[in-house]
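Trainee:
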Amino acid sequence: MLIAEELAPAALDVLAYDFDVRHVDGTDRAALLGALVEADALIVRSATHVDAEAIAVAPRLKVVARAGVGLDNVDVASATAHGVMVVNAPTSNIVSAAEQAIALLLSVARNTASASAALKRGEWKRSRYTGVEVQGKIVGVVGLGRIGVLFAQRMAAFGTRLIAYDPYIQPARAAQLGVRLVGLDELLRESDFISVHLPRTPETLGLIGEKELATVKPGVRIINAARGGLVDEQALADALAEGRVAGAGLDVFVTEPATSSPLFGFDNVVVTPHLGASTGEAQDKAGLAVARSVKLALQGEFVPDA
Ligand code: NAD
Ligand code: MLT
Numbered sequence: 002m003l004i005a006e007e008l009a010p011a012a013l014d015v016l017a018y019d020f021d022v023r024h025v026d027g028t029d030r031a032a033l034l035g036a037l038v039e040a041d042a043l044i045v046r047s048a049t050h051v052d053a054e055a056i057a058v059a060p061r062l063k064v065v066a067r068a069g070v071g072l073d074n075v076d077v078a079s080a081t082a083h084g085v086m087v088v089n090a091p092t093s094n095i096v097s098a099a100e101q102a103i104a105l106l107l108s109v110a111r112n113t114a115s116a117s118a119a120l121k122r123g124e125w126k127r128s129r130y131t132g133v134e135v136q137g138k139i140v141g142v143v144g145l146g147r148i149g150v151l152f153a154q155r156m157a158a159f160g161t162r163l164i165a166y167d168p169y170i171q172p173a174r175a176a177q178l179g180v181r182l183v184g185l186d187e188l189l190r191e192s193d194f195i196s197v198h199l200p201r202t203p204e205t206l207g208l209i210g211e212k213e214l215a216t217v218k219p220g221v222r223i224i225n226a227a228r229g230g231l232v233d234e235q236a237l238a239d240a241l242a243e244g245r246v247a248g249a250g251l252d253v254f255v256t257e258p259a260t261s262s263p264l265f266g267f268d269n270v271v272v273t274p275h276l277g278a279s280t281g282e283a284q285d286k287a288g289l290a291v292a293r294s295v296k297l298a299l300q301g302e303f304v305p306d307a
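Quick note on numbering: the sequence shown equals residues 2 to 307 in our numbering.
Structural data, given as structure tokens:
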């Protein structure tokens, strides 16, 4: 059993009881490939690339477990072709991720992070950090899936008006949530805040790029706590520089770890290092869910949805 990223202690206890648990730094490619040779199960979060090469060097591998939601760092097709099962924990961290998006949105609306940093430098600048209320504002949700719904429900309590773009959900379902489904064009044109909650796929990468940002309501604030690159980073930096976008909150980056970015230069951009799922609660749920799934998979039993 190979664990390539941090896993909740409770999950480690469950696994150590039955299996020979080994650890490797999944971002150290050579170490990962070497350790995979003997592994029959691999557990990762989002930083380890489980691509075709990684699967090919692991002849004993039976299951790859993603302790979280997004499977964009796992080559599911290649795993399937090698008879390797892929499991994830699709509901484990959705509350934490939705709360992170809201934390970013409120921080961007009220300049919390930049005002805090300034005050800690000894600068008491009240007028510089005048913000906006969210009540009465139009919030556009791009991707009304598990996290998008939790985000929308919570934003409704702030007295916002909610619209969403998601061609795969039924208008009736959106209406139940008090959300009006619209096309992407209308969402871009109307929203005061936009929050993106999409999976990263060839279709969604760069979905909000230069062309789309040219059509937004001036002064919009954009949040991305889903996946890096859904909002094109250079196009966003250009729109911020022009003042068309008034602020942004980003938890994810096209290349991670991201230790420098043109976006870091803006006072009205709040950034966090992919912390959406980084709560004790989410990590316990994700770790325990994948520990259970991996155990069942290695015992050759049916693995229900985690
Ligand atoms: P989900 O699958 O439940 O929802 C995604 C929604 O996007 C679905 O409703 C789907 O219909 C919609 N969608 C797919 N393609 C689309 C397209 N081209 N245009 C418009 N809508 C489209 O996923 P989720 O659990 O809500 O997760 C959303 C994202 O959040 C994922 O990328 C996930 O990896 C990410 N995430 C990030 C963190 C973090 O730490 N920042 C934590 C958890 C999840
Ligand atoms: C996820 O998709 O679950 C998130 O990116 C969280 C994570 O892996 O840290």
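Using N, Cα and C, we set each Cβ at its ideal position, and we do this for glycine too.
#1: Closer than 8 Å to a non-hydrogen atom of ligand 2 - does that hold for the CB of A78?
#2: Buried or exposed for G179, going by 16 or more other Cβ atoms inside 10 Å?
#3: Beta carbon of N74, beta carbon of T92: below 9 Å?
#4: Can you tell me whether T202 is buried or exposed? The criterion is at least 16 other CB atoms within 10 Å of its CB, across all chains shown.
#5: Could you tell me the alpha carbon to alpha carbon distance between K296 and D41, rounded to whole angstroms?
#6: Using the rule of at least 16 other Cβ atoms within 10 Å of the residue's Cβ for burial, across every protein chain shown, is D186 buried or exposed?
#7: Please classify R23 as buried or exposed, where buried requires at least 16 other C-beta atoms within 10 Å of its C-beta.
#8: What would DSSP say about G149, mapped onto helix, strand or coil?
#9: Since G69 is in the beta strand (DSSP E), which residue starts that stretch and which ends it?
#10: Alpha carbon to alpha carbon, what distance is there between I148 and R127?
#11: If I'm right that L37 touches L72 with Cβ under 8 Å, what's the distance once you round it to whole angstroms?
#12: So if DSSP puts A165 in a beta bridge, which residue, or which two residues, is it bridged to?
Mentor: In terms of the structure at hand:
#1: no
#2: exposed
#3: no
#4: exposed
#5: 11 Å
#6: exposed
#7: exposed
#8: helix
#9: G69 -> no beta strand (DSSP E), and no H or E assigned at all.
#10: 34 Å
#11: Rounded, the Cβ-Cβ distance is 18 Å, inconsistent with contact.
#12: V142 and L182
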